[in-house]
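Right, one structure below, let's go through it.
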């Protein structure tokens with residue numbers, strides 16, 4: 027594709043000149059997905075004009091659903107409630123839901139009131155599904171067929187449906203109660219003899235998902251079975267809608283962001299473009315937790331103040347024990363949480379993973395401990411110092427392997443997010459245990475050290 | 027879909043009983059994507075029988091391409107070079123490439139020799155594309171049309187192509203030199219009047235990618251424009267192949283794993299199911315780097331041994347400064363590397379991000395510093411101790427914001443992976459600067475502290 031060569035500058039000049047027909051022609055040539063970043067650099071007045079132009083082209087709604095959520099507030103601020111309601115009414119239900127969630131609370135009610143009754147009902151109905159469930163990302167826009175229809179009749183129904191922005195990839199064969207019987211890939215329909223009945227073309231036992239299922243699980247199904255869309259059914263197996271692969275990609279990307287963020291103790295709302303105020307507010311609670319654990323680790327050091335008084339050079343090795351142990355713990359934690367996220371681990375093989383990670387911790391800890399021990403010996407001229415460091419590191423790294431693997435698995439078994447908070451717990455434990463073991467062993471062997 | 031109720035146990039019993047026809051019927055009912063995990067629990071002999079049965083059903087190749095790479099060695103060990111070559115020959119070129127990469131080096135040559143000449147050439151040709159490029163994940167299996175063909179003729183060509191495992195979603199209109207002119211979505215073809223020529227149906231200026239493009243960029247394009255497949259072209263714009271959305275999902279998942287892993291200083295080969303030996307070997311170099319930085323941080327503490335001798339209780343606060351600073355740095359680093367991975371940041375807005383993160387660091391550091399200062403005051407009964415901690419934390423957290431944002435942006439500007447090694451650099455700097463500022467300020471104010 028020709029990259030959008032149109033820069034914000036040209037668009038602004040056209041808007042400023044008042045020749046909106048030329049600006050409109052320019053906008054027509056830009057893909058909806060490319061409009062968002064362009065809008066980010068305009069003034070509220072300019073945004074309003076652009077939205078009006080796009081609205082006339084019936085492309086404003088399309089643009090809206092492509093926008094990254096962090097740009098939405100800026101757009102909302104520039105347009106009236108009336109226009110916003112008109113835009114919402116043109117969106118598919120899944121995009122409408124997502125957009126409504128981003129409208130500031132004080133405007134939400136009045137915008138909703140301006141929606142046509144049918145759209146308002148549809149929205150209220152969709153909001154009954156639990157957050158992050160399949161029901162929230164599905165579109166109700168799909169083609170259902172009767173099993174007795176022929177391939178030609180099915181093709182005619184596609185023609186009758188007219189051009190739609192959503193590509194039709196599968197047709198769904200349902201019975202009189204709209205229960206899903208099977209799925210006909212469009213390619214199979216095209217390749218079939220016109221008179222073939224749909225029930226001969228359809229794939230039976232099609233993979234489907236209940237509306238209450240978690241989006242992440244749905245994404246796993248789609249990825250695992252290489253689907254392009256998955257039907258969503260209610261408890262009786264009746265078709266409610268479909269989730270298309272482009273939405274699945276969004277879910278996968280969001281879930282990956284969430285996993286990465288949770289490992290670092292971050293909230294998903296804390297993005298590169300969110301305001302400093304939002305970021306500060308979101309990070310403060312984590313910082314408090316972090317302070318609490320850091321002071322506790324400090325208190326462990328405080329337990330051994332008497333030892334440190336007699337041999338202050340021990341303090342030099344505290345960062346080494348903590349750094350290496352923390353790193354080992356986070357590495358194991360990362361391997362395990364990623365395996366959980368990708369569905370590579372079940373609790374049964376979890377125990378094996380814990381065992382392996384402890385073995386890896388023991389081995390890497392021994393290697394790091396030996397090397398550190400030699401350095402400590404050379405630095406302080408006392409082999410006992412090296413021994414203390416070696417022992418502490420082997421112990422800390424083995425426990426780091428145990429905790430890094432066990433904490434996320436336990437969180438998962440408790441139906442919690444395996445990544446959320448696990449980083450803080452593991453780092454705290456490795457710090458505290460590292461200090462305790464190093465200073466504890468040093469205290470026991472103190473007369474050989476000083 | 028009915029979940030595969032068949033457990034390994036039933037399969038093993040059928041295999042042991044020698045009644046392979048029943049085992050074959052059982053296998054027939056299992057989706058290729060579900061076979062892999064099943065195989066993982068079988069003995070080499072059982073795997074060989076299952077592969078033979080699947081091979082007869084012409085499903086073994088399909089199963090192979092669905093297998094997670096870490097299970098491949100086990101499968102390879104159970105089958106002969108001849109069978110492996112037969113399996114490879116049935117794979118699409120992108121799956122063949124990926125599978126060949128996992129064959130142990132000592133067998134690779136002999137397996138390749140057993141491939142049919144045409145497949146061997148195809149493989150050698152595909153291997154000319156750079157690693158992780160679009161050319162390596164594309165399939166050469168697509169339908170090309172002449173622009174003068176009618177919709178009906180295009181449909182006939184789909185019929186003629188017969189049933190294929192890959193769904194046809196788009197047809198590609200090319201000129202006599204196979205240069206890509208446009209793309210016809212299959213839905214549009216179906217909805218069109220039979221006599222409509224393809225050049226009226228096709229989307230011109232279709233989004234495409236050069237074969238040398240990085241897979242991650244291709245995945246971004248597909249995700250951004252909600253594509254189901256993207257054509258791959260050479261420098262002259264001639265069609266070489268297509269990349270389908272299921273492969274894009276794999277790329278997105280792999281890239282997310284890579285980002286998460288690199289933040290923790292892990293190699294991608296270090297997975298939950300890789301052997302302990304592999305994990306140890308992969309983690310040792312990182313551990314060495316980690317040791318080097320930890321000892322350097324320790325040496326910074328060593329600079330102030332004289333101060334610590336006079337006031338050993340300062341050591342209690344070292345974990346607090348390091349813990350809070352490190353956490354702040356990693357949080358910023360995570361936000362920025364994720365934004366880079368998702369294409370949300372350009373270098374121009376990079377400076378704004380650095381400024382914001384410094385402001386956030388300053389604010390969160392001030393809050394954490396005040397609170398820590400009060401605790402330190404209460405703990406040690408000396409307000410100056412609180413002041414030292416406050417100053418050190420504000421400084422460390424602001425620098426953590428600066429480094430957490432700047433390091434990945436600089437790595438990116440240098441065309442390096444922004445996540446790789448950034449965690450180690452940032453943590454080291456926050457540790458060292460935290461110790462230096464805290465002990466440095468304490469040294470300056472020492473007479474007020476003791």
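Residue numbers (our numbering), protein chains in the order written: chain Z, 27 to 476; chain Y, 27 to 476. Using N, Cα and C, we set each Cβ at its ideal position, and we do this for glycine too. Bear in mind that the values here come from a model prediction, so they are computed numbers and not experimental data.
Does residue 306(Y) come within less than 8 Å of chain Z when only Cβ atoms are used?
Contact with chain Z is found for residue 306(Y), since one of that chain's Cβ atoms lies less than 8 Å from the residue's Cβ.
Mind checking residue 43(Y): buried by the 16 CB within 10 Å criterion, or exposed?
exposed
Do residue 112(Z) and residue 161(Z) have their C-beta atoms closer together than 8 Å?
Contact flag unset, no.
Three or more C-beta pairs under 8 Å: does that hold for the segment 171 to 185 of chain Z against the segment 135 to 150 of chain Z?
no
Could you have a look at residue 261(Z) and say whether DSSP puts it in helix, strand or coil?
Residue 261(Z) sits in coil when the DSSP states are folded into three classes, being neither helix nor strand.
In three-state terms, what does DSSP make of residue 355(Y)?
Helix, per DSSP.
Does the CB of residue 84(Z) have a neighbour CB from chain Y at under 8 Å?
no
Using C-beta distances below 7 Å, list every residue in its chain close to residue 262(Y), excluding the 5 sequence neighbours before and after it, in chain order.
Only 205 meet the Cβ criterion.
I need the boundaries of the beta strand (DSSP E) containing residue 211(Y), first residue and last residue.
Residue range 206 to 211 is occupied by the beta strand (DSSP E) that includes residue 211(Y).
Cβ-based burial, residue 201(Z) [other Cβ within 10 Å; buried from 16]
exposed
Under a CB-based cut-off of 8 Å, is residue 34(Z) close to chain Y?
no
Cβ closer than 7 Å: which chain Z residues qualify as neighbours of residue 198(Y)?
Simply none; closest approach about 14 Å.
If we count Cβ pairs, one from each stretch, closer than 8 Å, do we get three or more for the segment 263 to 273 of chain Z versus the segment 382 to 393 of chain Z?
no
Residues, ordered as in the chain, of the segment 332 to 349 of chain Y that lie near chain Z by beta-carbon distance below 8 Å
334, 335, 338, 339, 341, 342, 343, 344, 345, 346, 348, 349
Count the other CB atoms, across all protein chains shown, that sit within 10 Å of the CB of residue 159(Z); report buried if there are 16 or more and exposed otherwise.
buried
Pick from 60(Z), 156(Z), 398(Z), 80(Z) that is closest to residue 92(Z), judged by C-alpha positions:
60(Z)
Any idea which residues DSSP pairs residue 15(Y) with across the strands?
Only positions 27 to 476 of chain Y appear in the structure, and residue 15(Y) is not among them; the question remains open.
By Cβ distance, which residues of its chain are closer than 7 Å to residue 86(Z), with the 5 residues on each side in sequence left out?
Contacts found: 77, 80, 113.
Short CB-CB distance (under 8 Å) between residue 237(Y) and chain Z
no
At 3 residues or longer, and completely inside the segment 264 to 289 of chain Z: list those beta strand (DSSP E) runs for me, N to C.
265 to 270
Relative to the alpha-carbon of residue 326(Z), which residue among 463(Z), 369(Z), 353(Z), 163(Z) has its alpha-carbon at the smallest distance?
Per the C-alpha coordinates, the member of 463(Z), 369(Z), 353(Z), 163(Z) positioned closest to residue 326(Z) is 463(Z).
So residue 200(Z) is in the beta strand (DSSP E); what residue range does that whole segment cover?
196 to 200
Within 8 Å (strictly less), CB to CB, does residue 353(Y) reach chain Z?
Cβ-Cβ to chain Z under 8 Å: yes for residue 353(Y).
Is it buried or exposed for residue 108(Y), if we count other Cβ within 10 angstroms and need 16 for buried?
exposed
To the nearest angstrom, how far is the alpha carbon of residue 123(Y) from that of residue 90(Y)?
12 Å
To the nearest angstrom, how far is it from the Cα of residue 277(Z) to the Cα of residue 448(Y)?
27 Å
Take residue 174(Y) as the anchor and find which of 285(Y), 208(Y), 154(Y) has the nearest alpha-carbon.
The shortest Cα separation from residue 174(Y) among 285(Y), 208(Y), 154(Y) belongs to 208(Y).
DSSP three-state call for residue 48(Z): helix, strand or coil?
helix
Is residue 133(Y) buried or exposed, if buried means 16 or more other CB atoms sit within 10 Å of its CB?
exposed
Taking only three categories from DSSP, how would you classify residue 446(Z)?
coil
From residue 186(Z) to residue 250(Y), what does the alpha carbon distance come to, in whole angstroms?
Near 29 Å, if we compare the C-alpha coordinates of residue 250(Y) and residue 186(Z).
To the nearest angstrom, report how far apart residue 46(Z) and residue 40(Z) are at their CA atoms.
7 Å
Residues that residue 313(Y) contacts on chain C, provided the C-beta gap is smaller than 8 Å:
Among the protein chains of the structure shown, namely Z and Y, there is no chain C.
Measure the C-alpha to C-alpha separation of residue 418(Y) and residue 461(Y) and round it to an integer number of angstroms.
Taking the straight line joining both Cα atoms gives about 8 Å.
For residue 195(Z) and residue 254(Z), believed in contact at Cβ under 8 Å, the rounded distance:
About 4 Å separates the two Cβ atoms, so the contact holds.
When we look at the beta-carbon of residue 309(Z) and count the other beta-carbons within 10 Å, is it buried (16 or more) or exposed?
buried
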